[in-house]
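**Student:**
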Amino acid sequence: MNLILLGPPGAGKGTQASRLVKQRGMVQLSTGDMLRAAVAAGTPVGLAAKAVMESGGLVSDDIVNGILSERLDQPDARAGFILDGYPRTDVQANALDAMLTAKGVQIDHVIELLVDEDALVERITGRFTCAKCGEGYHDRFKLPKVADTCDACGATEFKRRADDNETTVRQRMAEYRAKTAPIIPHYEGRGIVARVDGMVSMDAVAASIDAILDR
Ligand code: AMP
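According to numbering that gives the first Met the number 0, the sequence shown holds residues 0 to 214 in order.
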């Protein structure tokens, strides 16, 4: 089963995708993670993407389509994938169609997480992750049980994304509204779009998503 998770930044796409990876053995394909890895490694893609990402804008379709296509070719993607943060534009949605047709693969579900943007700003600007294992935390909603120590792996270093500040978050939301939400009709005609309330607890969101995947 292959799925696209849509929703503005902070809607919970990454959280739900990593849960599906653990529970269903699917593969999470996050173009944001791929781009952050490229920035950290200082590759040509990373150098081209860094400033755009820090401003909250969208990296060029050519770059993103290229990295996603390469990633889709890796054998583990055949087990079923979750696209998290891709496609984000009409051009990307069309490119994805072409890639999948060439591979004889299809998208089974497009799930849009519905959220309140003002609440998202608080969600995003408070979030941080364990630098070692990636476990997610939040200044208000989920602090480590023992101060400054990761619940999952015991590490004591944490990191915050450079683009998780209010100005950039508002820009990322504007990009979502202007360029990404309009691609939903692209999938609507195929009868594969479902909407989930993303403002309830993580477990409740998970239950709604599971009901869609299992029906
Ligand atoms: P994310 O982790 O999905 O929130 O992405 C972080 C940033 O990476 C975005 O604000 C964009 O600058 C860039 N990015 C990630 N995925 C894409 C994409 N599919 N198209 C264009 N830019 C992207």
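Virtual Cβ for every residue (Gly too), placed ideally from N, Cα, C.
Should E111 be labelled buried (16 or more other beta-carbon atoms within 10 Å of its own) or exposed?
**Tutor:** Within the sequence shown, the letter at position 112 stands for residue 111. With 16 or more other Cβ atoms within 10 Å, it is buried.
**Student:** Following the continuous beta strand (DSSP E) through L28, name the residue where it begins and the one where it ends.
**Tutor:** As a first step, residue 28 is located in the sequence shown; it is residue number 29 there, counting from the start. Here the beta strand (DSSP E) through L28 covers 26-29.
**Student:** For P43, verify whether its CB is less than 8 Å away from any heavy atom of the ligand AMP.
**Tutor:** On the sequence shown, position 44 is the one that residue 43 refers to. It does not: the Cβ of P43 is nowhere closer than 8 Å to a heavy atom of the ligand AMP.
**Student:** Looking at D196 and the ligand AMP, is the gap between the Cβ and the nearest heavy atom below 8 Å?
**Tutor:** Within the sequence shown, numbered from 1, the residue matching residue 196 stands at position 197. It does not: the Cβ of D196 is nowhere closer than 8 Å to a heavy atom of the ligand AMP.
**Student:** Okay, do the segment 187-194 and the segment 6-14 touch, 3+ Cβ pairs below 8 Å being the bar?
**Tutor:** no
**Student:** Is I110 helix, strand or coil when you go by DSSP?
**Tutor:** By 1-based counting over the sequence shown, the position of residue 110 is 111. Here I110 sits in strand by DSSP.
**Student:** Smallest Cα separation from V51: which of M201, Y85, G31?
**Tutor:** Position 52 of the sequence shown, counted from the start, is the residue given in the question as residue 51. Of the candidates M201, Y85, G31, the one whose C-alpha sits nearest the C-alpha of V51 is G31.
**Student:** Going by alpha carbons, who is nearest to A154 out of C129, G11, E53, R87?
**Tutor:** Position 155 of the sequence shown holds residue 154. Per the Cα distances, C129.
**Student:** Leaving aside the five residues before and after G65 along the sequence, list all residues of the same chain whose C-beta is less than 6 Å from its C-beta, in chain order.
**Tutor:** Locating residue 65 in the sequence shown gives position 66, where the first residue counts as 1. Closer than 6 Å at Cβ, skipping near neighbours: no residue.
**Student:** Taking only three categories from DSSP, how would you classify G135?
**Tutor:** Within the sequence shown, the letter at position 136 stands for residue 135. DSSP places G135 in strand when its eight states are reduced to three.
**Student:** Using a Cβ-Cβ cutoff of less than 7 Å, which residues in the same chain neighbour Q27 once the five nearest sequence positions on both sides are dropped?
**Tutor:** Sequence index remark: in the sequence shown, residue 27 carries index 28 (1-based). Within the same chain, Q27 has close Cβ partners A16, S17, V20, I81, D83.
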